[in-house]
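A.B. asks: Heads up: the sequence lines are chains A and B, in that order.
The opening residue of the first sequence carries number 1 in my numbering; numbering runs sequentially from there.
The opening residue of the second sequence carries number 297 in my numbering; numbering runs sequentially from there.
C-beta atoms are modelled at their ideal positions from N, C-alpha and C, and glycine is treated no differently.
Predicted model only: the values in this text are computed from it and were never measured.
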Amino acid sequence: MGHAMASGSHDPVTGRQTTGHEWNGIEELDSPVPRVVLFFLAVTAVFAVGYWILMPAWPTGLSYTKGLLGIDQRQLVTRQVEDAAAARSALTNRIATEDFVSLAADDQVMTYVRDSGRTLFADACSACHGAGGKGGPGFPDLKGGSSLWGSDAATIAETIRVGINSAHPDTRVSQMLAFGRDGILERDAVLAASAYVRSLSGQKLTNVEQGRVETGRTVFAESCASCHGAAGKGQPDLGAPDLTDTRWIYGGDAQSVHASIYSGRQGQMPAWEGRLTPAEIKLLALYVGTLGGERP
Amino acid sequence: MVAGLTVSERQLALLVLGLLASGGLAMAAAGRGDPLGAHGFIVLIISVALAFLVLSRYHDPEPSQERLSEYYDDPTRVGIVLAMIWAVIGMFFGVWVSALLAWPELTFVDQAWASFGRIRPVHTSGVIFGFGGNALIATSFHVLQRTTRARLPDQFSPWFVLIGYNLFCIVAASGYLMGVTQSKEYAEPEWYADFWLVIVWVVYFAIYIRTLMRRKEPHIYVANWYYMAFILVVAVLHIVNNLALPISAGSAKSYTIWPGVQDAMVQWWYGHNAVAFFLTAGFLGMMYYYLPKRAERPIFSYRLSIISFWGITFMYMWAGSHHLHYTALPQWVQTLGMTFSVMLLVPSWASAGNALATLNGAWHKVRDDATLRFMMVAAVFYGLSTFEGSFMAIRAVNSLSHYTDWTVAHVHAGALGWVAMITFGSFYALVPWMWKQERMYSPKLVEVHFWLALSGTIIYVFAMWNAGIIQGLMWRTYNDSGTLAYSFIESMVAMHPYYIARTVGGLFFLAGAVVGFYNIIMTIRMARRGAAAPDSASDVPAVAVQPGE
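#1: Roughly how many angstroms lie between the CA atoms of residue 760 of chain B and residue 706 of chain B, to the nearest whole one?
#2: Roughly how many angstroms lie between the CA atoms of residue 565 of chain B and residue 614 of chain B, to the nearest whole one?
#3: Any C-beta of chain A within less than 8 Å: which residues of the region 767-797 of chain B qualify?
#4: Given that residue 45 of chain A touches chain B, what residues does it touch there, using C-beta distances under 7 Å?
#5: For a contact defined as C-beta to C-beta under 8 Å, what are the partners of residue 595 of chain B on chain A?
#6: Show which residues of chain A have a CB atom less than 7 Å away from the CB atom of residue 513 of chain B.
#7: Who pairs with residue 136 of chain A in a beta bridge, going by DSSP?
#8: According to the neighbour-count rule (16 or more other Cβ atoms, all chains shown, within 10 Å of its Cβ), is residue 740 of chain B buried or exposed?
#9: Which same chain residues, not among the five before or five after residue 657 of chain B, have their C-beta less than 6 Å away from its C-beta?
#10: Please say whether residue 584 of chain B and residue 522 of chain B have beta carbons closer to each other than 8 Å?
#11: How about residue 308 of chain A and residue 262 of chain A: do their beta carbons lie closer than 8 Å?
#12: Tell me which residues of the region 425-446 of chain B have at least one Cβ-Cβ distance to chain A shorter than 7 Å, keeping chain order.
#13: Let me know the beta strand (DSSP E) ranges lying completely inside the region 483-559 of chain B, each 3 residues or longer, listed in chain order.
#14: Does residue 57 of chain A get closer than 8 Å to chain B when you measure Cβ to Cβ?
#15: Out of curiosity, what's the CA-to-CA distance linking residue 230 of chain A and residue 770 of chain B?
#16: Short check: CB of residue 608 of chain B to CB of residue 577 of chain B, under 8 Å?
#17: Check whether chain B comes within 8 Å of residue 83 of chain A, counting only Cβ atoms and requiring the distance to be less than that.
#18: Taking only beta-carbon atoms, is residue 657 of chain B less than 8 Å away from chain A?
#19: Give the interface partners of residue 599 of chain B over in chain A, defined as CB-CB distance under 8 Å, in chain order.
#20: Using the three-state DSSP reduction, which class does residue 251 of chain A fall into: helix, strand or coil?
#21: Going by CA-CA distance only, name the one from B/540, B/462, B/438 and B/491 that's closest to residue 478 of chain B.
#22: Are the CB atoms of residue 29 of chain A and residue 596 of chain B nearer to each other than 8 Å?
#23: DSSP state of residue 23 of chain A, grouped into three classes?
#24: Express the C-alpha separation of residue 426 of chain B and residue 27 of chain A in angstroms, rounding to a whole number.
#25: Rounded to a whole number of angstroms, what is the C-alpha to C-alpha distance between residue 151 of chain A and residue 490 of chain B?
#26: Can at least three beta-carbon pairs, one atom from the region 707-717 of chain B and one from the region 665-681 of chain B, be found at a separation below 8 Å?
#27: What are the residues of the region 206-234 of chain A that lie near chain B, defined by any Cβ-Cβ distance shorter than 9 Å?
#28: If you drop the 5 nearest sequence neighbours on each side, which residues of the same chain put their C-beta closer than 7 Å to that of residue 617 of chain B?
#29: Report the rounded CA-to-CA distance for residue 343 of chain A versus residue 703 of chain B, giving the unit in angstroms.
#30: Going by C-alpha to C-alpha distance, which of A/48, A/83, A/181 and A/91 sits closest to residue 264 of chain A?
#31: With a threshold of 8 Å, are at least 3 pairs of Cβ atoms found where one atom belongs to the region 687-701 of chain B and the other to the region 401-418 of chain B?
#32: Would you kindly work out how many angstroms separate the C-alpha atoms of residue 747 of chain B and residue 738 of chain B, rounded to a whole number?
#33: Which residues, in chain order, does the region 622-636 of chain B contribute to contact with chain A at a C-beta distance below 9 Å?
#34: Taking the alpha-carbon positions, what's the residue 825 of chain B to residue 326 of chain B distance?
#35: With H, G and I counted as helix, E and B as strand and the rest as coil, what does DSSP make of residue 705 of chain B?
#36: Within 8 Å, do at least three Cβ pairs link the region 675-690 of chain B to the region 65-80 of chain A?
Spelled out as structure tokens, the structure:
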């Protein structure tokens with residue numbers, strides 16, 4: 001650079017020399033590197049070297065320098081996970097081993113269930129059953145009332161474990177036939193059954209529907225009662241819903257009820273065994289019980 | 297365009313376009329029923345159209361020898377316009393894809409091509425490669441000639457680079473919409489597009505070397521160090537990260553040769569150095585020319601330039617593994633990535649400081665001139681985002697920031713605040729020179745663009761900072777029972793207002809780009825209507841006749 005500096009010119013603003021290079025009007029000052037830059041270069045380099053000495057840092061062929069602190073992130077995270085599990089184990093062990101009745105009666109357990117179940121439910125169940133378990137079209141409301149398969153905690157835990165119409169070998173299986181589409185019932189019979197079903201829950205029927213109710217009663221007795229019961233109160237053993245209440249999975253209006261009878265229904269719930277631990281499944285079953293409604 | 301080519305260059309153009317068309321035809325034939333075939337047709341149509349363009353002017357008289365006493369700026373002019381077109385497209389897709397996060401049903405047509413996963417890479421590639429890449433190519437040709445006082449070595453290869461590069465961008469973007477992707481961030485285009493880009497890039501590098509070899513200045517200016525580093529290193533990164541085997545010659549699909557965590561490491565070595573050498577080194581080259589030129593001030597310190605350049609190029613190479621903290625990547629690799637990232641802060645700030653100190657003696661111009669202010673703000677955001685980057689590379693910080701919108705805030709502080717701002721500033725300086733005008737069509741609109749861009753960036757970055765830190769905290773907060781206190785969906789709900797704010801910020805930025813595009817087009821129209829400013833006597837190359845002619 002020496003020769004270039006010699007030909008540099010003076011910059012009046014900064015009082016410095018230029019390097020003497022010029023490119024299409026652009027010049028460069030010959031300012032020294034500010035000390036602060038050198039200082040922080042040194043500071044960061046010292047930090048880096050110190051970190052390398054203390055922590056795993058440089059490869060040495062088949063291994064690497066382990067660092068003086070002997071910290072290994074995999075051992076660390078394994079230990080942290082174990083510690084966290086141990087901290088929770090007092091309660092999780094009880095949930096895994098005790099029966100639902102004694103668990104539900106224990107305030108400490110139920111506080112834990114409400115705390116931990118909330119996020120577990122939101123991450124695992126809310127995608128279908130909605131925030132807080134209020135359900136949605138095609139997905140049952142879990143907040144109380146009639147359940148398809150029974151609403152005591154043990155039954156709920158079993159439903160969570162094996163799922164409904166799932167790939168699990170022990171899955172709960174339930175299928176409502178496509179009475180109209182598959183030609184099991186004539187068009188008029190489907191319409192009549194639809195009107196009768198709507199009458200069971202005390203809904204306001206149109207005059208046309210009123211005229212079909214009596215025929216519908218017969219159709220219901222012949223084709224529907226075997227699953228839904230003679231009074232239409234449903235059968236938890238078969239996963240057949242109560243038709244006399246006002247709670248609907250697929251809707252209780254004339255069009256929805258007709259669609260259910262015409263095309264059938266085969267709702268699915270995935271099996272959670274293997275994805276959740278047995279304790280987590282029991283915890284969720286207890287948590288669903290806290291969502292509200294008339295549960296034991 | 298074509299009239300400026302010599303007859304032998306026109307013949308070469310036809311030959312290359314003929315080869316390209318045959319390549320397109322072969323792709324179309326081999327890839328029937330596959331997206332590869334659709335891309336074959338795109339290549340075929342574009343190359344045939346360009347061949348007709350060349351043929352229509354084939355018998356025009358040869359350009360006069362006098363052209364050799366002027367710099368060859370046609371590719372730069374076209375590159376500027378292409379960059380602005382890509383800016384508007386890429387930023388429009390950015391606003392759309394950000395709106396999708398706030399209102400997921402905004403796919404309008406409920407079509408696969410309009411889904412988040414497909415239009416997001418159209419945004420990222422559109423702005424990085426379409427806008428940024430064209431801006432780099434256009435300005436590098438301009439800066440290279442001025443700082444070497446040598447004309448580009450020939451008139452065909454710059455067009456090959458510019459048009460070939462845009463063909464790559466078109467194939468990339470159309471591929472995303474068809475679902476063609478390698479699933480590597482910022483390296484989504486499939487094997488055939490990657491292969492084509494290598495050819496384009498080698499020619500680009502050759503232009504640089506050939507021009508530098510004929511330079512009439514004893515020294516190579518700093519801007520060219522950075523442009524060269526950009527071209528050379530991007531070539532290396534691109535080739536190594538895209539080593540892949542297609543499942544057949546007739547399929548767009550390929551599989552990378554890198555297995556498992558090595559693939560992740562190569563990808564983020566690529567990804568972070570794409571930030572370093574594409575989005576930093578290249579644009580530092582831009583800054584090193586247009587900022588001192590516009591400020592009419594000498595560079596603050598040549599020595600600082602040297603330290604910064606070698607610090608940045610050496611240390612960035614190690615930093616990529618900070619993208620993989622707390623993963624299956626061995627901890628020692630994470631350590632190296634983190635420590636080099638921390639050291640990298642010093643040369644980065646030295647560059648930003650060198651730029652800002654260059655403005656000493658010209659701060660009144662920064663106040664009055666939105667063009668220079670664009671560049672000043674760019675240097676400030678460069679400093680901000682490099683500090684943030686080094687900070688986020690620290691493992692403990694990263695455990696909070698990783699996978700959150702904080703990363704998105706960081707990227708956009710760099711992309712909007714630094715890359716786009718330095719480009720807009722440079723374009724507003726360059727466009728009047730290129731079209732021989734005293735000034736832009738409307739200096740007022742430059743001012744409007746500046747404030748739209750700045751406010752858009754600030755809204756965007758603050759929204760994502762908030763969102764990211766809230767997310768990071770929600771994902772790691774435990775309740776008294778030792779369980780995570782928040783579900784994932786709750787963190788999504790908490791993001792909603794910030795996602796809307798981000799879309800507003802993005803809209804501001806897009807609006808600014810549209811204003812800038814309009815201003816540039818109107819400046820070009822102003823030039824077309826006559827009223828050329830007198831040519832600057834100094835704006836000509838020192839070489840009267842190029843070798844080989």
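C.D. replies: For this structure:
#1: So the two alpha carbons sit approximately 8 Å from each other.
#2: It is roughly 8 Å from the alpha-carbon of residue 565 of chain B to the alpha-carbon of residue 614 of chain B.
#3: Residues passing the 8 Å Cβ filter: 775, 776, 777, 778, 779, 780, 781, 782, 783, 784, 785 and 786.
#4: Neighbours of residue 45 of chain A in chain B, taken as residues whose beta carbon is under 7 Å from its own, are 639 in chain order.
#5: By Cβ distance, chain A contributes 26, 27, 28 and 29.
#6: Under the 7 Å cutoff, chain A gives 23.
#7: For residue 136 of chain A, which the question treats as bridged, DSSP gives the partners A/139.
#8: By the neighbour-count rule (16 or more Cβ atoms within 10 Å), residue 740 of chain B is not buried but exposed.
#9: The residues 593, in chain order, have a CB closer than 6 Å to that of residue 657 of chain B in the same chain once the five nearest residues on each side in sequence are set aside.
#10: Contact flag set, yes.
#11: This structure leaves residue 308 of chain A out entirely; chain A is present only between 1 and 296.
#12: Against chain A - using a Cβ distance shorter than 7 Å - the residues of the region 425-446 of chain B are 442 and 443.
#13: The DSSP assignment places complete beta strand (DSSP E) segments of no fewer than 3 residues inside the region 483-559 of chain B at 540-542 and 550-552, in order along the chain.
#14: Chain B, which has a Cβ nearer than 8 Å to the Cβ of residue 57 of chain A, makes this yes.
#15: The straight-line gap from Cα to Cα measures roughly 51 Å.
#16: By the CB criterion at 8 Å, residue 608 of chain B and residue 577 of chain B fall inside the cutoff.
#17: For residue 83 of chain A, the closest Cβ of chain B is not nearer than 8 Å.
#18: Residue 657 of chain B has a beta carbon lying within less than 8 Å of a beta carbon in chain A.
#19: Per Cβ cutoff of 8 Å: 30, 31, 32 and 33.
#20: Residue 251 of chain A falls in the coil class under three-state DSSP.
#21: Of B/540, B/462, B/438 and B/491, the smallest CA-CA separation from residue 478 of chain B is found for B/540.
#22: Contact: yes.
#23: DSSP places residue 23 of chain A in strand when its eight states are reduced to three.
#24: The straight-line gap from Cα to Cα measures roughly 32 Å.
#25: When rounded, the distance between both Cα atoms is 59 Å.
#26: Of all C-beta pairs linking the region 707-717 of chain B to the region 665-681 of chain B, three or more are shorter than 8 Å, placing the two stretches in contact.
#27: Hits within the stretch: zero.
#28: The beta carbon of residue 617 of chain B sits closer than 7 Å to the beta carbons of 561, 564, 625, 629, 630, 632 and 633 from its chain, once the five residues preceding and following it are set aside; these are given in chain order.
#29: There is simply no residue 343 of chain A to check, as chain A begins at 1 and stops at 296 in what is shown.
#30: Nearest option by C-alpha distance: A/181.
#31: Taking 8 Å as the limit for Cβ pairs, the verdict is that the region 401-418 of chain B does not touch the region 687-701 of chain B.
#32: One alpha carbon belongs to residue 747 of chain B, the other to residue 738 of chain B, and they sit about 15 Å apart.
#33: Per Cβ criterion, the list reads 622, 626, 627, 628, 629, 630, 631, 632, 634, 635 and 636.
#34: Looking at the two C-alpha atoms, the distance is approximately 49 Å.
#35: Secondary structure at residue 705 of chain B: helix, using DSSP grouped into helix, strand and coil.
#36: Short answer: they don't touch.
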